[in-house]
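Working notes for the structure below.
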Amino acid sequence: MKLLLIFIAAVALSINLAIAGQHAAKIGKAVVVENSVDLITDQGAFEIVVGTDIRTRQTVNTGENSSSQFTMSDDTRLAVGPNSQLLLDEFVYDPNPSNRKVVLKSIKGALRFVTGKNPSNTYTINTPTAVIGVRGTMFDIYINDNGETVVGLLKGKVNVCPPGSRQCQDLQTAGRFLSIDRQGRIRKADRPDRAMLGNISFAMAFPFLGGTKRLRGKLAAPGKLRQQIRKKAGLRDSPRKKIKRKAIKRKAIKRKAIKRKAIKPKAVKRKAVRKRVRPVPPGRKHKVTKRRKPVTAKIRLKTRKRKPPKRKQTGKRKKQRGKINGIIIFPLPGSIYLPGKKKTIPQ
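Using this note's numbering, the letters of the sequence shown map in sequence onto residues 54 to 400.
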């Protein structure tokens with residue numbers, strides 16, 4: 054009898070564990086963990102490390118200067134900022150798209166959400182003052198201590214409704230923000246001001262846009278849009294960041310130039326200049342000269358003035374001057390001087 058009771062108890066325990074395992078199925082895992090991040094379950098609180106599995110009905114709690122990133126089974130990406138709390142309420146990933154459902158509950162803090170493979174209408178995010186229907190791909194959420202919600206759209210479209218009300222509004226312009234307070238009043242703005250954020254700064258409310266926490270990959274916001282939002286919020290980059298940004302731009306310009314050169318057709322090689330050998334007399338070194346290129350410029354020829362032709366001198370004139378072969382002759386009686394010789398002429 055005792056053995057039978059033990060067997061029945063063991064079977065009942067195994068069935069309960071199987072049912073509990075089905076309800077708490079694995080829905081994703083931690084990809085990035087910075088500082089202290091806790092996972093609160095029915096059994097207690099555990100510290101999250103990279104690779105920790107997350108399940109439904111579990112709460113992610115981040116401390117000060119802490120953040121974490123998660124990848125869900127349908128390729129949905131979540132980034133949880135510091136001093137935040139997120140409840141993984143319901144997650145159903147079925148091969149049939151009509152049966153898929155993702156429900157998250159953001160209790161406080163900052164959150165970035167990027168949709169995965171599920172259809173956009175399967176995602177719902179509940180906050181203390183709003184029900185957010187996802188119709189796009191990327192947006193940020195901030196919930197202050199009073200429960201007021203601020204949504205910043207980065208890509209796609211978001212539908213925001215007060216709880217239990219049908220007075221919903223769409224946010225479909227990238228870079229704009231929408232806030233909803235405890236009374237259900239909805240307000241849109243190009244940048245969140247003090248009326249939306251209260252005493253907290255923009256960088257603290259939206260750490261992934263303000264620059265306190267940097268994201269990469271699919272969770273990263275478009276660079277130009279992020280810079281525009283930062284300018285509207287009055288945030289400026291440090292000198293080091295400016296220098297880095299300039300260096301990145303230079304590298305990108307170099308890469309584009311290299312690609313352009315690779316696409317251009319190869320230049321036709323010029324024919325090699327022929328070399329000619331001039332005849333060199335024996336005893337001298339052989340000298341090779343390149344053929345000169347033809348000169349296209351016009352050259353003015355220098356013309357010399359012609360001298361008038363010399364008149365031929367007759368013999369009589371030569372005798373008169375006394376010049377024979379360039380030597381002056383002085384006539385003396387009985388003798389005549391010729392160049393190189395002395396002769397006497399008989400009288």
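Heads up, the beta-carbon is just placed ideally off N, CA and C, and yes, glycines get one too.
Cβ distance (whole Å) where residue i is taken to contact residue j below 8 Å
i           : j           : result
residue 255 : residue 288 : 7 Å
residue 48  : residue 238 : This structure cannot speak to residue 48, because the chain is shown only from 54 to 400.
residue 235 : residue 200 : 6 Å
residue 137 : residue 97  : Between residue 97 and residue 137 the Cβ distance is about 20 Å, and since that is not below 8 Å, they are no contact.
residue 251 : residue 174 : Between residue 174 and residue 251 the Cβ distance is about 32 Å, and since that is not below 8 Å, they are no contact.
Alpha-carbon to alpha-carbon, residue j and residue i
i           : j           : result
residue 177 : residue 155 : 6 Å
residue 264 : residue 253 : 15 Å
residue 142 : residue 157 : 5 Å
residue 188 : residue 267 : 25 Å
residue 247 : residue 313 : 49 Å
residue 66  : residue 89  : Here the model assigns residue 66 a pLDDT of 42, short of 50, so the residue's position is not dependable, and the following value carries that caveat. Near 35 Å, if we compare the C-alpha coordinates of residue 89 and residue 66.
residue 212 : residue 232 : 12 Å
residue 395 : residue 362 : Its pLDDT being 48, under 50, residue 395 is placed unreliably by the model, and the measurement read from it follows with that caveat. Those two C-alpha atoms are separated by around 36 Å.
residue 402 : residue 100 : Shown here, the chain extends from 54 to 400; a query on residue 402 therefore has no answer.
residue 104 : residue 257 : 27 Å
residue 311 : residue 297 : 21 Å
residue 214 : residue 86  : 32 Å
residue 278 : residue 102 : 32 Å
residue 321 : residue 172 : Low local confidence applies: a pLDDT of 49 at residue 321 is under 50, so the model's placement there is unreliable, with the coordinate-based value given in what follows. Rounded to whole angstroms, residue 321 to residue 172 spans 55 Å at the Cα level.
residue 299 : residue 283 : 18 Å
residue 271 : residue 170 : 13 Å
residue 129 : residue 293 : 33 Å
residue 116 : residue 269 : 21 Å
residue 307 : residue 301 : 10 Å
residue 220 : residue 166 : 23 Å
residue 240 : residue 216 : 16 Å
residue 218 : residue 78  : 32 Å
residue 305 : residue 95  : 51 Å
residue 249 : residue 192 : 17 Å
residue 226 : residue 309 : 31 Å
C-beta contact flag for residue i and residue j at 7 Å
i           : j           : result
residue 242 : residue 230 : yes
residue 123 : residue 131 : yes
residue 164 : residue 185 : no
residue 93  : residue 109 : no
residue 91  : residue 114 : yes
residue 484 : residue 180 : Since the first residue shown for the chain is 54 and the last is 400, residue 484 is missing from the structure and cannot be characterised.
residue 121 : residue 83  : yes
residue 274 : residue 224 : no
residue 80  : residue 125 : yes
residue 228 : residue 281 : yes
residue 46  : residue 190 : Here the chain covers residues 54 to 400 and nothing more, so residue 46 does not appear.
residue 133 : residue 140 : no
Bounding residues of the beta strand (DSSP E) (the contiguous stretch that carries residue i)
i           : result
residue 255 : From DSSP, residue 255 is part of no beta strand (DSSP E) but of the alpha helix (DSSP H) over 255–258.
residue 185 : 184–187
residue 118 : Taken as a continuous stretch (DSSP letters only), residue 118 belongs to no beta strand (DSSP E), as it is neither H nor E.
residue 212 : 211–214
residue 273 : Where residue 273 is concerned, there is no enclosing beta strand (DSSP E), given that its DSSP letter is neither H nor E.
residue 103 : Where residue 103 is concerned, there is no enclosing beta strand (DSSP E), given that its DSSP letter is neither H nor E.
residue 141 : 138–145
residue 363 : Element bounds for residue 363: n/a, residue is neither H nor E.
Residue i - containing alpha helix (DSSP H), residue span
i           : result
residue 278 : 276–285
residue 248 : 247–250
Chain B within 7 Å of residue i, Cβ atoms only
i           : result
residue 308 : Within the model displayed, chain B is absent; a lone protein chain is all it includes.
Cross-strand partners of residue i (DSSP beta bridge)
i           : result
residue 261 : Answer is none; residue 261 lacks a bridge partner.
residue 157 : 178
residue 124 : 82 and 130
residue 94  : 97
residue 208 : 191
residue 163 : 195
residue 313 : DSSP, once it has assigned bridges, lists no residue as partnering residue 313.
residue 241 : 231
residue 225 : Per DSSP, none; premise fails for residue 225.
residue 111 : 141
residue 202 : 196 and 233
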